[in-house]
Structure formats: structure tokens, C-alpha cells
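In what follows, a single structure is set out as C-alpha cells and then discussed.
Numbering (the numbering used here), first residue to last: 8 to 193.
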């Protein structure tokens, strides 16, 4: 996708609670609207929760209502991930988010805060863009870099698929659990 000619769908998924920092996602959208108005980009928030009203007010305040869409609870997140051009995770902290594993399998490019188990899962940035500077401008820049660089997008989704199928398959997890249980019994 080229910045001036194609549309780009960017998403975030999860409960609308403080730790998920959906406010940063909305502010990153505003940053791109203000600094890169030529982009044909839309932001989609999948999920619901106690911050919905507050986040909708922020969206209105930042004048991003035409580009940031609240999708609510989604019954078929797999299809939504397939339809996204990238998934963003802006959480203050995370363990091993299932949505990242799902995006990796579906070959949806990922931009995520470099916290918890995320850097290890994304192989220190080989399987997705890691953001250490937890600011809207850093996420906006990471989004822009992925939009303009199709080779980078292709590399990270290829690496992500290989990594998730090699290290995080159900067979690998079953074997790991079996090993732990056997060691506990022994």
C-alpha cells in the first residue's frame, strides 16, 4: 500500500479499560491526521468497556471522528484481523496477548508497546514493530513507516508466521504443559 493511493485500516482490540491505553491509539490517529493528512487511513477500535464514553469524548475533542471508529464487541475478530492492514497494541503492560498470536497467524502486521512478553513474542522486533517510547507520536511514526514500506511489512508478517507456528503451536504448548506436569509429579 502506498501512502497517497491506498486506504489503510489500523485496528486495536480489547476491553476499553485504562491499562489498554486506547487514548494513545486515538491520539496517534490525531497525530497522523495533523502531520500526514494525505494518508487515506482509518482507525478501528474493537471492544467495549467502562471507558467507552470518555474515549468517544476524546475522539470528538481531537476532531478524529471521521477516521476513528468504535466497532464495539466483535463476534468474528478473526475476520476483522484479516481485514486490517495492521494491529496496534498500546497497553501499559501485557503478558502474552492472544490477539498478537492470532494476528501473527493471520499475517496481520503488528505494532506493539515493548512491554511484558511482547518483545520476546515478536522476536525483539523481527516479527512486528516494537515501540519503546510510549507516546502517540511514536505509534504514529511506526504506523507511517509500515504504511510506506511494503518490504518491511512483508518481512515481519513472514517472520511472525514462522515464529508462531514454530514456537507457539498447540502441539508445542501441549508438549510444554506435559513436561511441566510430569516434572511436578516426579
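We treat Cβ as the ideally placed atom computed from N, Cα and C, and that holds for glycine.
These numbers were taken from a predicted model, which means no experiment stands behind them.
Between the alpha carbons of residue 193 and residue 186, how many angstroms are there, rounded? On the chain shown, position 186 is the one that residue 193 refers to. On the chain shown, position 179 is the one that residue 186 refers to. Taking the straight line joining both Cα atoms gives about 11 Å.
ask   = Just reading off the alpha helix (DSSP H) that residue 157 is part of, what are its end residues?
value = Along the chain shown, one-based indexing puts residue 157 at 150. 157-174 is the span of the alpha helix (DSSP H), which, as asked, contains residue 157.
For residue 94, write down the residues that DSSP places opposite it in a beta bridge. Within the chain shown, residue 94 is the residue found at index 87, counting from 1. In DSSP, residue 94 forms a bridge with 18, 117.
- Query: Rounded to a whole number of angstroms, what is the C-alpha to C-alpha distance between residue 57 and residue 64?
  - Reply: Working through the chain shown from its first residue, we reach residue 57 at position 50. Working through the chain shown from its first residue, we reach residue 64 at position 57. Answer to the nearest angstrom: the Cα atoms are 13 Å apart.
- Item | residue 24, DSSP secondary structure in three states | Position 17 of the chain shown, counted from the start, is the residue given in the question as residue 24. DSSP places residue 24 in coil when its eight states are reduced to three.
Please report how far the alpha carbon of residue 33 lies from the alpha carbon of residue 190, in whole angstroms. In the chain shown, residue 33 corresponds to position 26, counting from 1. In the chain shown, residue 190 corresponds to position 183, counting from 1. Roughly 46 Å between the two C-alpha positions.
How long is the line joining the alpha carbons of residue 70 and residue 15, rounded to whole angstroms? Indexing the chain shown from 1 puts residue 70 at position 63. Indexing the chain shown from 1 puts residue 15 at position 8. When rounded, the distance between both Cα atoms is 19 Å.
Exercise for the section: May I ask which residues mark the beginning and end of the alpha helix (DSSP H) holding residue 40? Expected result: The residue labelled residue 40 in the question sits at position 33 within the chain shown. Run containing residue 40: 29-42, per the alpha helix (DSSP H) assignment.
### Message
Less than 7 Å between C-beta atoms, sequence neighbours within five positions excluded: which residues of the same chain meet that for residue 30?
### Response
Stepping through the chain shown from its first residue, residue 30 is reached at position 23. Closer than 7 Å at Cβ, skipping near neighbours: 62, 65.
Cβ separation of residue 18 and residue 94, assumed to be a contact under 8 Å, to the nearest whole Å: The sequence position of residue 18 within the chain shown is 11, counting from 1. The sequence position of residue 94 within the chain shown is 87, counting from 1. With a Cβ gap of about 6 Å, residue 18 and residue 94 count as contacting.
Next item on the list: Mind reading off the beta-carbon distance from residue 108 to residue 171? Whole number of angstroms is fine, and I expect it under 8 Å.
Entry: Taking the first residue of the chain shown as 1, we reach residue 108 at position 101. Taking the first residue of the chain shown as 1, we reach residue 171 at position 164. Sure, about 6 Å apart at Cβ, within 8 Å.
task: Look up residue 107 in the DSSP assignment and say whether it is helix, strand or coil.
output: Here the question's residue 107 lines up with position 100 in the chain shown. Correct three-state label for residue 107: helix.
Identify, in the order they occur along the chain, each residue of the same chain with its Cβ nearer than 6 Å to the Cβ of residue 112, setting aside the five sequence neighbours on each side. Translated into positions along the chain shown, residue 112 becomes position 105. Cβ neighbours of residue 112 beyond the five flanking positions: 171.
Q. Taking C-beta to C-beta, are residue 54 and residue 20 nearer than 8 Å?
A. Numbered from 1 along the chain shown, position 47 holds the residue referred to as residue 54. Numbered from 1 along the chain shown, position 13 holds the residue referred to as residue 20. Yes, the pair counts as a contact, with Cβ atoms nearer than the cut-off.
Quiz prompt | Limits of the alpha helix (DSSP H) - the one that residue 83 falls within | solution = Residue 83 sits at position 76 when you count from the first residue of the chain shown. Premise fails: residue 83 is in no alpha helix (DSSP H) and is neither H nor E.
- prompt: When the Cα atoms are used, what is the spatial distance from residue 76 to residue 67?
  reply: Walking along the chain shown from the start, residue 76 turns up at place 69. Walking along the chain shown from the start, residue 67 turns up at place 60. Cα to Cα, the separation comes out at about 11 Å.
Quiz prompt | residue 193 - DSSP class collapsed to helix/strand/coil | solution = As a working mapping, residue 193 is identified with position 186 in the chain shown. It is coil, neither helix nor strand.
Taking C-beta to C-beta, are residue 125 and residue 39 nearer than 8 Å?
Position 118 of the chain shown, counted from the first residue, corresponds to residue 125. Position 32 of the chain shown, counted from the first residue, corresponds to residue 39. Going by C-beta atoms, residue 125 is not nearer than 8 Å to residue 39.
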